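Counting from 1, one number per residue, gives the positions in the sequence shown under full-length UniProt numbering. Note that CB positions come from ideal geometry on N, CA and C, so glycine has one too. Bear in mind that the values here come from a model prediction, so they are computed numbers and not experimental data. See structure below.
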Amino acid sequence: MGIDISKEYFDASILVENNEFSHNQFCNTKKGVKMFLKWIKGEHCPIETTLICMEHTGLYKNILVDVLTSNQCNLWVEMAYRIIRSSGIQRGKNDKVDSARIAQYAKKNQEEVKLFKCSKEVLDKIKGLLNLRELNVSYKTAVQVNIQELKGYNDPVYNLLSKSKKNAAKAVKKTIEDIDKQLEELVKQDSEISQVYNCITSVKGVGSITALFLLCYTDSFTSFDSPRELASYCGVVPFEYTSGKSIRGKAKVHFMANKKLKKLLHLCALSSIRYDPEIKTYYEKKVEEGKHKMLVLNNVRNKLIHRICSCVRNNKRYEVAA
Numbered sequence: 001m002g003i004d005i006s007k008e009y010f011d012a013s014i015l016v017e018n019n020e021f022s023h024n025q026f027c028n029t030k031k032g033v034k035m036f037l038k039w040i041k042g043e044h045c046p047i048e049t050t051l052i053c054m055e056h057t058g059l060y061k062n063i064l065v066d067v068l069t070s071n072q073c074n075l076w077v078e079m080a081y082r083i084i085r086s087s088g089i090q091r092g093k094n095d096k097v098d099s100a101r102i103a104q105y106a107k108k109n110q111e112e113v114k115l116f117k118c119s120k121e122v123l124d125k126i127k128g129l130l131n132l133r134e135l136n137v138s139y140k141t142a143v144q145v146n147i148q149e150l151k152g153y154n155d156p157v158y159n160l161l162s163k164s165k166k167n168a169a170k171a172v173k174k175t176i177e178d179i180d181k182q183l184e185e186l187v188k189q190d191s192e193i194s195q196v197y198n199c200i201t202s203v204k205g206v207g208s209i210t211a212l213f214l215l216c217y218t219d220s221f222t223s224f225d226s227p228r229e230l231a232s233y234c235g236v237v238p239f240e241y242t243s244g245k246s247i248r249g250k251a252k253v254h255f256m257a258n259k260k261l262k263k264l265l266h267l268c269a270l271s272s273i274r275y276d277p278e279i280k281t282y283y284e285k286k287v288e289e290g291k292h293k294m295l296v297l298n299n300v301r302n303k304l305i306h307r308i309c310s311c312v313r314n315n316k317r318y319e320v321a322a
């Protein structure tokens with residue numbers, strides 16, 4: 001079965017014999033999910049032996065996931081980009097068609113299924129606080145830009161605006177500091193999360209916010225099988241573009257990537273080049289050899305991911321080789 005979820009509704013398609021589908025749409029509410037379970041029974045689809053696949057859609061999936069996991073369903077929550085890549089050329093798109101494609105994906109790839117496990121409650125809380133932090137950081141940046149624009153105006157109204165903006169900036173800064181303290185407390189509450197967090201931040205150049213985002217996006221490093229797979233998800237693995245003798249495109253990273261993690265890793269790479277002697281030496285050597293700076297910087301991002309994954313896998317803090 002494939003399920004396509006939106007904010008208000010979700011579409012479900014049951015793949016039956018001869019590649020035919022039984023489809024229905026339900027409200028994305030607890031009442032709607034109950035109707036969905038009744039519909040499954042009416043379709044003579046044993047919930048205990050049915051594989052239910054859906055895309056990872058953030059908050060929109062939570063109601064449905066909670067009910068399905070409480071009923072011990074065989075639930076597979078898959079990354080959207082994997083389903084898209086597997087679907088080939090797309091002709092037409094709507095929620096009904098998408099749910100059918102997800103069902104086909106589940107049937108084709110059922111040997112690679114990873115049944116959903118509820119993430120720790122602490123990770124859900126961290127996600128919520130990180131989202132709140134992002135909103136406050138964006139607002140603070142906008143306010144500070146506005147303050148700079150108001151400088152130089154010797155006018156009572158502009159002076160009042162400037163004073164008000166400065167007070168707002170101070171208040172937002174205090175809110176961000178409070179959020180950071182709360183995030184720190186949440187990490188300490190769970191020994192397993194705390195251990196993984198300490199492993200990540202032991203890598204020079206990787207800060208606390210990057211570590212927390214990595215924990216959330218990887219579900220504490222259980223969603224990816226290898227460093228290369230995670231690096232690909234973060235958009236730092238270049239892929240070859242060649243065909244025969246005529247097409248010789250440059251290897252480049254794919255546009256389908258987690259932009260947030262890519263941005264954070266970029267900042268981590270810049271920091272490690274500055275403070276990690278080994279990385280700094282590598283960067284300077286490659287640039288002197290004529291390599292493009294952005295290419296070398298991308299290599300540094302890749303190195304950081306491999307270091308992080310190695311530390312988490314071995315449950316050890318990063319140690320500089322003697």
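State the beta-bridge partners of residue i as determined by DSSP.
| i | result |
| --- | --- |
| V77 | M54 |
| L15 | F21 |
| residue 333 | This structure cannot settle anything about residue 333, because the visible part of the chain is limited to 1 through 322. |
| C27 | Y9 |
If the criterion is Cβ atoms closer than 7 Å, does the pair residue i and residue j meet it?
| i | j | result |
| --- | --- | --- |
| residue 334 | D190 | Residue 334 is absent from the model: the chain starts at 1 and stops at 322. |
| A211 | I200 | yes |
| A106 | C53 | yes |
| Y318 | S202 | yes |
| H56 | V77 | yes |
| L230 | F224 | yes |
| I14 | E43 | yes |
| K303 | V296 | no |
| P227 | C309 | yes |
| I273 | K280 | yes |
| L51 | N18 | no |
| L129 | I209 | no |
| K260 | L186 | no |
Thinking residue i and residue j are a contact (beta carbons under 8 Å), I'd like their distance in whole angstroms, please.
| i | j | result |
| --- | --- | --- |
| I3 | S70 | Incorrect: roughly 16 Å between the Cβ atoms, too far for contact. |
| T175 | N146 | The pair is not a contact, with the Cβ atoms about 18 Å apart (cut-off 8 Å). |
| Y158 | L150 | 5 Å |
| V320 | E278 | 7 Å |
| Q148 | N315 | That belief does not hold up - the Cβ atoms of Q148 and N315 are roughly 46 Å apart, past 8 Å. |
Taking the alpha-carbon of residue i as reference, which of the options has the nearest alpha-carbon?
| i | options | result |
| --- | --- | --- |
| R85 | C73, Y233, L150 and C311 | Y233 |
| K108 | V33, M1, T57 and K38 | M1 |
| C27 | R228, Y60 and I102 | Y60 |
| E20 | L64, V97 and L230 | V97 |
| R313 | S220, Y283, V300 and N302 | S220 |
| Q182 | H306, K120, K127 and R274 | K127 |
| N24 | K31, K30, Y9 and N18 | Y9 |
| K120 | L132, D66 and E112 | D66 |
| E177 | R133, Q195 and A168 | R133 |
| T141 | D155, S208 and K166 | K166 |
| E112 | D95, R82 and E185 | R82 |
| S22 | A80, R307, H266 and C45 | C45 |
| S271 | V300, H292 and A103 | V300 |
| D276 | L264, R307, K260 and E288 | R307 |
| L64 | I40, K30, R101 and K41 | K30 |
| A80 | Y153, G58 and K170 | G58 |
| K293 | H266, C311 and I305 | H266 |
| G207 | L264, T222 and K188 | L264 |
| L37 | G290, T49, N258 and L68 | L68 |
Under a Cβ-count criterion, where at least 16 other Cβ atoms within 10 Å of its own Cβ denotes burial, should residue i be classed as buried or exposed?
| i | result |
| --- | --- |
| V16 | exposed |
| G205 | buried |
| V172 | buried |
| L115 | exposed |
| Y283 | buried |
| Q72 | exposed |
| L160 | exposed |
| A269 | buried |
| N298 | buried |
| A103 | buried |
| Y197 | buried |
| T218 | buried |
| I247 | Unreliable placement is indicated for I247, whose pLDDT of 46 sits below 50; the coordinate value is still reported in the next sentence. Flag for I247 reads exposed. |
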